[in-house]
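Structure, as structure tokens:
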Amino acid sequence: MYDSGKIIPGLLIFVLFVTIPIWYNRGTAQAVPEIVLPKDVESCVLPLAAIRSDHMKLLMTWRDDVLRDGDRSTFEIEGKQYQKSLTLTCLQCHANKEQFCDPCHTYVAVRQPNCWDCHFAPVE
Amino acid sequence: MDIKRRNFLKVAGITTLAGLGGTAVVGRLVASSGLAQAAGGQGAAQAGQANLNGNQTNPGVKRYGMIINLKSFRDDPTLGEKIVEACHSYNNVPDVPNPKDEIKWIWMTRYENAFHENYHLYRDEATEKQELPVLCNHCDKPPCVRVCPTKATFRNRDGVVVMDYHRCIGCRFCMAACPYGMRSFNYIEPAPYISNLNQNKPRRMRGVVEKCNFCVGRIEVGQLPACVEACGESKALVFGDLNDPDSEIRKLLRENHTILRNPSLGTLPSVFYIV
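Protein sequences appear in the order of chains A and B.
Okay, so the first sequence: first residue is 88 according to the working numbering, each after it adds one.
Okay, so the second sequence: first residue is 10 according to the working numbering, each after it adds one.
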């Protein structure tokens with residue numbers, strides 16, 4: 088190989104450079120946050136896996152149903168009627184935004200959704 | 010199989026003739042039916058112009074509207090303040106001191122500001138002095154909805170012109186389009202100026218346009234708008250379905266002479282005034 092004295096160190100520097108995020112952040116991995124779940128309620132509006140992956144889609148669907156289609160019908164879970172509403176349904180159980188919403192959103196680096204510019208998180 | 014030049018030209022010529030003749034015949038047919046349609050359209054337009062209340066008998070489809078009885082506002086001068094307060098505190102409308110950044114959903118104004126078309130030099134004293142409430146007219150043909158590039162403002166299935174603040178990009182086309190000036194833009198973050206927070210209702214953020222929505226969340230669950238409720242028994246504001254011939258609002262419209270704001274613009278407002 089011609090110029091191996093330049094190419095091999097060059098490749099090494101390149102590999103080090105593109106792997107900066109791996110070695111620069113090593114050892115700083117945070118533990119998966121523990122979420123404080125509401126105590127007196129057994130189930131959420133969707134099963135756990137579904138609500139974890141699709142809660143944002145559910146909120147958008149509710150928003151479009153209520154706001155654009157004027158469909159404010161309620162749905163029943165365990166004999167109790169719930170409205171399609173972030174404030175009047177979700178936040179009634181998950182009353183603490185700092186303990187329930189923020190830890191995971193910070194952990195997965197999903198920037199604060201702009202829900203809270205207009206909708207109120209319950210005041211503790 | 011060989012095609013001779015002579016045969017090819019024959020076939021091509023006949024096809025061209027058939028094509029030209031065919032389009033001419035089709036064009037004729039379309040033109041004659043189009044003429045009939047245009048005549049029908051003109052008739053419908055005339056009927057629409059004769060009837061400023063829009064579609065009067067439309068069973069099953071609601072069109073919410075409001076009657077404002079100015080006599081009640083003359084009788085009780087504090088009523089105006091009451092309805093504004095009821096609306097603004099229910100809907101988390103901020104009270105911004107700088108008039109340039111003001112947000113208003115319903116407010117009291119002078120006669121000449123509300124009724125440019127019915128304004129003349131020799132006014133009676135009551136009209137001269139009186140302040141009257143103005144709010145979004147929830148037009149049957151809302152110009153704000155036509156210009157909104159994101160469909161953030163739209164006419165919902167009950168005839169209420171509502172805002173979807175999630176979609177509003179703050180272009181303010183709707184403010185330019187509204188001939189009544191009933192829309193406000195959040196030039197500054199409104200949150201610090203909301204005095205009595207209604208926790209169950211959202212507020213707005215900087216950069217969106219807002220206006221009266223007939224308290225759509227209340228009327229959809231069978232309640233009256235906050236301003237109408239604040240009037241109590243005085244019947245200063247009467248809210249109801251304009252498409253229901255038996256509703257209270259239609260009864261009042263039959264019994265009283267009512268006026269509209271700038272009816273010549275053809276927006277067909279749903280807010281009527283009894284002077």
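The C-beta atom is built at its ideal place from N, Cα and C for all residues, glycine as well.
All values reported here derive from a predicted model rather than from experimental measurement.
Query raised in the report: Which value, in whole angstroms, describes the spacing of the CA atoms of L29(B) and A40(B)?
Result: 16 Å
Query raised in the report: Alpha carbon to alpha carbon, how far is P201(B) from E185(A)?
Result: 21 Å
**Report entry** Bounding residues of the beta strand (DSSP E) (the contiguous stretch that carries W116(B))
**Finding:** I115 to R119
Requested in this report: Please decide whether L135(A) counts as near chain B, where near means a Cβ-Cβ distance under 9 Å.
Outcome: no
Requested in this report: Tell me where the beta strand (DSSP E) around K136(B) begins and ends.
Outcome: According to the sequence displayed, residue 136(B) carries Thr and not Lys. Careful: T136(B) lies outside any beta strand (DSSP E), inside the alpha helix (DSSP H) at E134 to K138.
Report task. Check distances from the C-beta atoms of the stretch 144 to 177 of chain A to those of chain B and list, in chain order, the residues that come in under 7 Å. Result -> R150, L154, R155, G157, R159, T174 and L175
Query - Listed by chain order, chain A residues near H175(B) by CB distance under 7 Å - result: R150
**Report entry** Among K71(B), C236(B), V154(B) and M117(B), nearest to D253(B) - alpha-carbon criterion
**Finding:** K71(B)
Requested in this report: Check the Cβ of H192(A) against every Cβ in chain B and list those closer than 8 Å, keeping chain order.
Outcome: What H192(A) touches in chain B: nothing, since even the nearest Cβ is about 19 Å away.
**Report entry** DSSP bridge partner residues for L144(B) (one or two, in chain order)
**Finding:** I115(B)
Query - Helix, strand or coil at V247(B) according to DSSP, with G and I counted as helix - result: strand
Requested in this report: Kindly indicate if chain B contains any beta-carbon less than 9 Å away from that of C205(A).
Outcome: yes
Report task. Report the rounded CA-to-CA distance for A56(B) versus P152(B), giving the unit in angstroms. Result -> Confidence at A56(B) is low in this model, with a pLDDT of 41, below 50, so its placement is unreliable and no value can be given for it.
Query raised in the report: If you run the structure through DSSP and keep just helix, strand and coil, what is K275(B)?
Result: The sequence shown places Gly at residue 275(B), not Lys. The answer is coil: DSSP assigns G275(B) none of H, G, I, E or B.
**Report entry** Rounded C-alpha distance that separates R198(A) from H192(A)
**Finding:** 7 Å
Query raised in the report: Using the beta-carbon of each residue, which ones in chain D are nearer than 8 Å to E219(B)?
Result: Here chain D cannot be found, since the structure's protein chains are A and B.
**Report entry** chain A contact residues for E111(B), given Cβ-Cβ distances below 9 Å
**Finding:** The contacting residues do not exist; E111(B) stays about 19 Å from chain A at best.
Query raised in the report: Excluding sequence positions up to five away, which residues of its chain have a Cβ less than 6 Å from the Cβ of V225(B)?
Result: V169 and V171
Requested in this report: Under 7 Å Cβ to Cβ from C202(A), same chain only, skipping five residues before and after it: list those, please.
Outcome: L173
Query raised in the report: Where do the N-terminal and C-terminal ends of the alpha helix (DSSP H) with Y111(A) fall, by residue?
Result: I107 to Y111
Query raised in the report: Candidates V128(A), C188(A), D156(A) and M147(A): which alpha carbon is nearest E165(A)'s?
Result: V128(A)
Query raised in the report: Can you name the residues of chain A whose CB is closer than 9 Å to the CB of R192(B)?
Result: By Cβ distance, chain A contributes nothing, its closest Cβ being about 17 Å from R192(B), past 9 Å.
Query - Anticipated Cβ contact below 8 Å, Y73(B) with I228(B), distance rounded - result: 7 Å
Requested in this report: Within the same chain, show all residues whose beta-carbon is closer than 8 Å to that of I122(A), passing over the 5 residues directly before and after it, in chain order.
Outcome: Q186, F187, P190 and C191
Query raised in the report: In or out: E219(B) buried (at least 16 other Cβ within 10 Å) or exposed?
Result: buried
Query raised in the report: What residue from S243(B), N271(B) and G241(B) has the CA that sits closest to Y189(B)'s CA?
Result: N271(B)
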